[in-house]
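Counting from 1, position 25 in the sequence shown corresponds to residue 41 in our numbering; the numbering is continuous, with no gaps.
All residues carry an ideal CB built from backbone N, CA and C; glycine is no exception.
Source: prediction; values computed, not measured.
Inspection log for the structure reproduced underneath, given as structure tokens.
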Amino acid sequence: MQLNSDPPGRGKHAHRNAARPLPVGEQSLEHAARLFRALGEPSRLRLLALLAQGPLCVSEVAVIENESISTISQRLRVLRAERLVTRARQGKHILYALADQHVADLVSSALAHASEAQIRAAAPGR
17 MQLNSDPPGR
27 GKHAHRNAAR
37 PLPVGEQSLE
47 HAARLFRALG
57 EPSRLRLLAL
67 LAQGPLCVSE
77 VAVIENESIS
87 TISQRLRVLR
97 AERLVTRARQ
107 GKHILYALAD
117 QHVADLVSSA
127 LAHASEAQIR
137 AAAPGR
């Protein structure tokens with residue numbers, strides 16, 4: 017019994033778009049990779065999830081996270097360097113917020129996807 021008589025790249029399963037160009041340039045790919053590295057640390061991702069609920073100052077985040085202000089400031093520096101968060105002065109406080117809706121969507125999608133995977137893994141019969 018012969019399974020496949022077509023040479024590679026021919027026949028009904030030929031690759032149609034093997035030379036498809038990427039929709040973005042190398043610089044955009046590099047920046048996206050840096051974004052994912054910044055998002056890839058659980059404490060920074062948790063910080064972004066907190067900021068998705070609204071702006072906070074460093075001292076508020078420190079209390080919520082039970083961490084030192086210097087630790088929270090360092091995490092915010094990393095996120096700000098990648099333009100994931102912004103800061104604005106309000107009186108004596110500097111409030112941090114997500115940079116834009118893209119960041120909010122990215123965080124929301126990542127957490128939803130991770131939660132979905134946990135639910136599937138915990139489902140009976142898996």
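If we ignore side chains and look at the alpha-carbon of each, how far apart do residue i and residue j end up?
i	j	result
I110	E57	23 Å
E1	V74	Because the chain in this structure spans residues 17 to 142, residue 1 falls outside the shown range and cannot be described.
I135	K108	44 Å
L38	S44	11 Å
R3	A68	Beyond the ends of the chain as shown, which are 17 and 142, falls residue 3; an answer cannot be given.
S125	A139	21 Å
V77	R103	14 Å
V40	H129	24 Å
D116	E132	25 Å
H47	S89	22 Å
Can you pull the DSSP bridge partners for residue i?
i	result
R36	R36 pairs with nothing; no bridge assigned.
R105	I110
L72	Y112
Under 7 Å between the Cβ atoms of residue i and residue j?
i	j	result
L61	L55	yes
L95	V119	no
A49	V123	no
L51	E98	yes
Can you find the residues in the same chain that come closer than 8 Å, C-beta to C-beta, to residue i, ignoring five residues on each side of it along the sequence?
i	result
G70	A113
S84	A78
Please report the Cβ distance between residue i and residue j, rounded to the nearest whole angstrom; I am assuming they are in contact, meaning their Cβ atoms lie under 8 Å.
i	j	result
R91	S59	6 Å
Beta-carbon within less than 7 Å of residue i's beta-carbon, same chain only, minus the 5 sequence neighbours each way: which residues are those?
i	result
L72	L66, L111, Y112
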